[in-house]
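A.B. asks: The numbering of the sequence shown is my numbering, which starts it at 33 and goes up by one. The structure under discussion is supplied below as structure tokens; questions concerning it will follow.
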Amino acid sequence: MASKEKLTCYHCGLEMTEAETVWFDNKPFCCNGCKTVYEILNQNQLSQYYTINDTPGIKTENIDESIKQKYAYLDNAEIEKKLLEFDDGNIKIVNFYIPNIHCSSCIWVLEHLDQLNKNITHSEVNFPTKNVRITYNGDKLSLREVVEILASIAYPPLISLDDLDKDKKKSDKKILYQLAIAGFAFGNIMLMSLPEYIQSEGFWIEKFAPLFRWIMMGLAIPSVLYSARDYFESAIKGLQQKIVNVDILIALGITVLFLRSSYEVISGTGTGYFDSLTGLIFFLLLGKYFQRITYDYLSFERDYKSYFPIAVTKIVDDKEEVLEIKDIVPGDRLLIRNEEIIPVDAILMKNNALIDYSFVTGESIPVDKKVGDQLLAGGKQIGGFIEIEAISDVDNSYLTKLWSREAFHDSKIVNIKSLTDKISKYFTYIILSIALLAGTYWFVEAGFSKAIWVITAVLIVACPCALALSAPFAFGNVLRKFGYKNLYLKNAQVIEAMSKVDTIVFDKTGTLTSQEKYEVHYEGEKLSDEDQSIIKTMVKSSNHPLSRLIYEHYKDVVVKNLDNINEVVGKGIEAHDKNHRYKLGSASFVAVADNDLSTKVYFAKDAQILGKFIFTASYREGITKLFSELQKNKKLVVLSGDNDSEKAHLEELLPKSVSYYFNQSVHDKMDFIQQLQEKGKVVMMIGDGLNDAGALQQADVGLAISENTNVFTPSSDGILKADKLSKLSTFLQVSKQTKKIIFVSFVIAFVYNIIGLSFAVTDNLTPIVAAILMPISSISIVIFVTILTNITSKKL
33 MASKEKLTCY HCGLEMTEAE TVWFDNKPFC CNGCKTVYEI LNQNQLSQYY
83 TINDTPGIKT ENIDESIKQK YAYLDNAEIE KKLLEFDDGN IKIVNFYIPN
133 IHCSSCIWVL EHLDQLNKNI THSEVNFPTK NVRITYNGDK LSLREVVEIL
183 ASIAYPPLIS LDDLDKDKKK SDKKILYQLA IAGFAFGNIM LMSLPEYIQS
233 EGFWIEKFAP LFRWIMMGLA IPSVLYSARD YFESAIKGLQ QKIVNVDILI
283 ALGITVLFLR SSYEVISGTG TGYFDSLTGL IFFLLLGKYF QRITYDYLSF
333 ERDYKSYFPI AVTKIVDDKE EVLEIKDIVP GDRLLIRNEE IIPVDAILMK
383 NNALIDYSFV TGESIPVDKK VGDQLLAGGK QIGGFIEIEA ISDVDNSYLT
433 KLWSREAFHD SKIVNIKSLT DKISKYFTYI ILSIALLAGT YWFVEAGFSK
483 AIWVITAVLI VACPCALALS APFAFGNVLR KFGYKNLYLK NAQVIEAMSK
533 VDTIVFDKTG TLTSQEKYEV HYEGEKLSDE DQSIIKTMVK SSNHPLSRLI
583 YEHYKDVVVK NLDNINEVVG KGIEAHDKNH RYKLGSASFV AVADNDLSTK
633 VYFAKDAQIL GKFIFTASYR EGITKLFSEL QKNKKLVVLS GDNDSEKAHL
683 EELLPKSVSY YFNQSVHDKM DFIQQLQEKG KVVMMIGDGL NDAGALQQAD
733 VGLAISENTN VFTPSSDGIL KADKLSKLST FLQVSKQTKK IIFVSFVIAF
783 VYNIIGLSFA VTDNLTPIVA AILMPISSIS IVIFVTILTN ITSKKL
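This is the structure we're talking about:
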């Protein structure tokens, strides 16, 4: 028998026994793939990769000629042109997303690609986004060869159909430019205003004050016309739709500030309020930018294009050629290799298939398919190659039709009015009334000129800067705190919507259950040590997910030297030694009748069934506690596309108040949530697969559960790391308390406005009073909400 001593793979850190170990250079490796990567790095003086971090690599499949075939489509000039960032014929630049980037060793080796090939002149890693930007000599190295180099060291790039979309969203830098202009104007105007605040008369003041005032006005113009443009556009749209929002008062305040300040400079009657004006714009934009930068690199609007490959292999007269996805037509014969996506609905023509539909359904256990069966777009082939015949093009496949439904891609209309807009409506009416009353009083007392002066003073000091900054900085800080705890929200409005949720709908498979963990139970005759060793040996070389689960189930069992092992893809494994014949697989493979819907694998010895392995989903840790906390003030529903075989288990696991609905289609889920909303419920939907995408869009708040936030998740309002689902109740509590903090900050903002209005209505508002009061109110509100949201977020 082989030794039970545990060893660790030098490359990826996977544990293995002595019998499973591949030795090279006196170092243990779990497979030939990891050994090959080590060889490549060592031969190119990149062995420091292993000294920066222990076992930094990712477990690697065997590297062979299939890599070259997999990336053959990159030889297509049209595809290459669409993927390149820069191309002058000689120097070419490409930017790839690489999911395997996870540590400092990854960064180091990817930034030393020039040592693997001298024609790569530069490579730079963006760690948060897991992207690498590569510059190479296009005359001597092709794009395909660059990708093959990356794949050979276990960092294959994820190249999807979305990468060819010329209209895809790019990083919006407009707000950065607006903020830079406003900040530049604010800083310089403050410096130019300071002498007049300190000294009101003197030779230098009298000589240069007029010039400085004109320069300040010139600096303020681009700040008003460009930096503040969005506030004017929002105000106009609000008026067109007969909606009074906070941007109306901001736009009015900016306009009055600019016109009055310009009048004072042009007429030579004063210095104006340009410092207060540009300071207001700068702080408003700072709050907006603070919200936007919070995990802006995550994509919340993903569709099937970010999952699909760019091209496939088409078989024509027994020859293989590259075909772009968009050019597939019904009748095309396609070759699908291991781990490749089926891009269109098709009929299986050659070899049995094992299809992973987790992208579409959220169910991670693959489905067996035989020749003649229909395959739906979005499935991933596991194991050997298959040949399929397309029965639709991409635009008419089941997957694309599903995604094309209105609820999947239209902007969500959320019937939740923001707290800021609610209050600003009344605030606007109050300020306009005060301005009118004060103007009327001064018109009677001192005439039209004084009345206009006081009205503009009221509008200047009452500009809701502190009011407008409260929510952006409070929500922005909470967005950042949530991000630290792996809840990444699309925008601040999601937090406000979360604070009002009264109904939560959970998907089951992949949401309440782990996509990566399944429990394995054996039922049947007690197996001898010899039989257990036989079983582990049979599944050792299999790529089937159930085989891997059985292998892990017997992790402490040693393997045997067993020849004559044959795997029938999609059915099972058979083997024999000198004394016995063994079969491990589906009910049909071992010739037994079974109508049970649960997932199982049978074991037979000499045509006699000894037992079966039953696989059940492992529910995430903390689910019972989470539901107990949520049921106190929320209606809870489990909405699943699966059959009800798990219902009894769920009823034991979860509180009695939970409602269950099984066998729900994509459309059923969307309709269910819509019916709840029609009853006045504010609904949160939590799901993971494409079958949940419509429901996530329909809900007031849609959270996508993801084991890895950088891989595909359906379009949603937020992405929650799967292991943080148990913290959902706390996230909801913090959202509700953040709203209370904003309300208190509004009260403080009103106090500042009362103080400022007392100066304005009595005609005592001077530029220096405005320059002191407005920044102090803004800064103190920002500090207040930041400190309190930091304290509140400690609950996480």
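No residue lacks a Cβ here, since even glycine has one placed at the ideal position from N, Cα and C. Note that the coordinates shown come from a computational prediction; the quantities given were computed from them, not determined experimentally.
1) Can you have a look at residue 154 and say buried or exposed, based on whether 16 or more other CB atoms are within 10 angstroms of its CB?
2) Where does residue 144 sit, in a helix, a strand or coil, going by DSSP?
3) I need the DSSP call for residue 750, collapsed to helix, strand or coil.
4) Taking only the alpha-carbon atoms, compute the straight-line gap between residue 590 and residue 109 and give it to the nearest angstrom.
5) With distances taken from CA atoms, which of 485, 157, 284, 544 is nearest residue 796?
6) I'd like to check one pair, residue 732 with residue 529: are the Cβ atoms closer than 8 Å?
7) By Cβ distance, which residues of its chain are closer than 6 Å to residue 121, with the 5 residues on each side in sequence left out?
8) At the level of alpha carbons, what is the spacing between residue 180 and residue 415?
9) Where does the unbroken beta strand (DSSP E) through residue 631 begin, and where does it stop?
10) Identify whether residue 33 lies in helix, strand or coil by the three-state DSSP scheme.
11) Exposed or buried, residue 468, counting other C-beta atoms within 10 Å across all chains shown (16 or more means buried)?
12) Per DSSP, which one or two residues make a beta bridge with residue 829?
13) Going straight from the alpha carbon of residue 605 to that of residue 43, what length do you get?
14) Taking buried to mean at least 16 other C-beta atoms within 10 Å of its own C-beta, is residue 348 buried or exposed?
15) So, for residue 533: in the same chain, excluding its five sequence neighbours on each side, which residues have a beta-carbon less than 8 Å away from its beta-carbon?
16) Give the secondary structure of residue 487 by DSSP, where H, G and I count as helix, E and B as strand, and everything else as coil.
17) Under three-state DSSP, which class holds residue 263?
18) Kindly indicate the opening and closing residues of the alpha helix (DSSP H) around residue 694.
19) When you compare only the Cα positions, how much space is there between residue 576 and residue 827?
20) Assess contact between the segment 289 to 300 and the segment 247 to 257, defined as three or more Cβ pairs (one per stretch) separated by less than 8 Å. Is contact present?
21) Suppose you measure from the CA of residue 227 to the CA of residue 217; what does that come to, to the nearest Å?
22) Decide yes or no for the touch test of the segment 361 to 373 against the segment 415 to 428: beta carbon pairs closer than 8 Å, at least 3 of them.
23) From which residue to which residue does the alpha helix (DSSP H) around residue 83 run?
24) If I measure Cβ to Cβ from residue 443 and keep anything under 8 Å in the same chain, skipping five residues before and after, which residues do I get?
25) Pull up the distance between the alpha-carbon of residue 159 and that of residue 190, whole angstroms please.
26) DSSP three-state label for residue 161, please.
27) How big is the Cα-Cα spacing for residue 317 and residue 488?
28) Restricting to Cα atoms, I'd like to know which of 205, 687, 386 is closest to residue 664.
29) What did DSSP end up calling residue 579 once you bin it into helix, strand or coil?
30) Residue 327 by DSSP, collapsed to three states: which one?
31) Which parts of the segment 394 to 429 are runs of the beta strand (DSSP E), unbroken and 3 residues or longer, counting only runs that do not cross its ends?
32) Note down, in chain order, each residue of its chain lying with its Cβ closer than 7 Å to the Cβ of residue 820, except the 5 sequence neighbours on either side.
33) How big is the Cα-Cα spacing for residue 689 and residue 658?
34) Give a yes or no on whether the C-beta atoms belonging to residue 632 and residue 641 are separated by under 8 Å.
35) Quick check on DSSP: helix, strand or coil for residue 442?
36) Below 8 Å, can you find three or more Cβ-Cβ pairs linking the segment 341 to 359 to the segment 398 to 406?
C.D. replies: To lay it out plainly:
1) Start at 1 with the first residue of the sequence shown, and residue 154 comes out as number 122. It is exposed - the Cβ of residue 154 has fewer than 16 other Cβ atoms within 10 Å.
2) For the purposes of this step, residue 144 is taken as residue 112 along the sequence shown, with counting starting at 1. Looking at residue 144 - three-state DSSP - the assignment turns out to be coil, as it is neither helix nor strand.
3) Working through the sequence shown from its first residue, we reach residue 750 at position 718. The answer is strand: DSSP assigns residue 750 an E or B state.
4) The residue labelled residue 590 in the question sits at position 558 within the sequence shown. The residue labelled residue 109 in the question sits at position 77 within the sequence shown. One C-alpha to the other measures close to 51 Å.
5) By one-based count along the sequence shown, residue 796 stands at place 764. Nearest C-alpha to residue 796: 485.
6) Against the sequence shown, residue 529 aligns to sequence position 497. Against the sequence shown, residue 732 aligns to sequence position 700. Going by C-beta atoms, residue 529 is nearer than 8 Å to residue 732.
7) As a working note, residue 121 is residue 89 in the sequence shown. The answer is none, since no qualifying residue turns up.
8) As a working mapping, residue 180 is identified with position 148 in the sequence shown. As a working mapping, residue 415 is identified with position 383 in the sequence shown. Their backbone Cα atoms lie some 21 Å apart in a straight line.
9) Here residue 631 corresponds to residue number 599 of the sequence shown, with the count starting at 1. Unbroken beta strand (DSSP E) run through residue 631: 631 to 637.
10) Numbered from 1 along the sequence shown, position 1 holds the residue referred to as residue 33. The predicted position of residue 33 is uncertain, since its pLDDT is 39 and thus under 50; a value taken from the coordinates is nonetheless stated next. Residue 33 falls in the coil class under three-state DSSP.
11) If you number the sequence shown from 1, residue 468 lands on position 436. Label assigned to residue 468: exposed.
12) The shown model of the chain, from 33 to 828, leaves out residue 829, and the question about it has no answer.
13) Taking the sequence shown and counting its residues from 1, the one referred to as residue 605 is at position 573. Taking the sequence shown and counting its residues from 1, the one referred to as residue 43 is at position 11. Approximately 30 Å, taken between the alpha carbons.
14) Taking the first residue of the sequence shown as position 1, residue 348 is located at position 316. Flag for residue 348 reads exposed.
15) Stepping through the sequence shown from its first residue, residue 533 is reached at position 501. Here the set comprises 666, 714, 715, 716, 732, 733, 764.
16) Your numbering for residue 487 matches position 455 in the sequence shown. Residue state, collapsed to three classes: helix.
17) Looking up residue 263 in the sequence shown gives position 231. Here residue 263 sits in helix by DSSP.
18) In the sequence shown, the residue the question calls residue 694 occupies position 662. No alpha helix (DSSP H) contains residue 694, which DSSP labels as neither H nor E.
19) Within the sequence shown, numbered from 1, the residue matching residue 576 stands at position 544. Within the sequence shown, numbered from 1, the residue matching residue 827 stands at position 795. For residue 576 and residue 827, the distance between alpha carbons rounds to 42 Å.
20) yes
21) Within the sequence shown, numbered from 1, the residue matching residue 227 stands at position 195. Within the sequence shown, numbered from 1, the residue matching residue 217 stands at position 185. Taking the straight line joining both Cα atoms gives about 17 Å.
22) yes
23) If you number the sequence shown from 1, residue 83 lands on position 51. Looking at the DSSP string, the run of the alpha helix (DSSP H) that includes residue 83 is 81 to 84.
24) The residue you call residue 443 lines up with position 411 of the sequence shown. Only weak support is given to the placement of residue 443: the predicted model assigns it a pLDDT of 47, under 50, and the value that follows is read from those uncertain coordinates. Nothing meets the Cβ criterion.
25) Stepping through the sequence shown from its first residue, residue 159 is reached at position 127. Stepping through the sequence shown from its first residue, residue 190 is reached at position 158. Approximately 15 Å, taken between the alpha carbons.
26) As a first step, residue 161 must be located in the sequence shown, where it is residue number 129. It is coil, neither helix nor strand.
27) For the purposes of this step, residue 317 is identified with residue 285 of the sequence shown, where counting begins at 1. For the purposes of this step, residue 488 is identified with residue 456 of the sequence shown, where counting begins at 1. So the two alpha carbons sit approximately 23 Å from each other.
28) As a position in the sequence shown, residue 664 is number 632, starting the count at 1. Residue 664 has its Cα closest to that of 687, out of 205, 687, 386.
29) Position 547 of the sequence shown, counted from the start, is the residue given in the question as residue 579. Helix.
30) Locating residue 327 in the sequence shown gives position 295, where the first residue counts as 1. With a pLDDT of 43 at residue 327, under the threshold of 50, the modelled position of this residue cannot be trusted; read the value that follows with caution. Looking at residue 327 - three-state DSSP - the assignment turns out to be coil, as it is neither helix nor strand.
31) 399 to 401, 418 to 422
32) Counted from its first residue, the sequence shown places residue 820 at position 788. Here the set comprises 773.
33) Indexing the sequence shown from 1 puts residue 689 at position 657. Indexing the sequence shown from 1 puts residue 658 at position 626. In a straight line, the C-alpha of residue 689 is about 13 Å away from that of residue 658.
34) Counting from one through the sequence shown, the residue named residue 632 turns up at place 600. Counting from one through the sequence shown, the residue named residue 641 turns up at place 609. Not closer than 8 Å, so no.
35) In the sequence shown, the residue the question calls residue 442 occupies position 410. Confidence at residue 442 is low in this model, with a pLDDT of 49, below 50, so its placement is unreliable and no value can be given for it.
36) no
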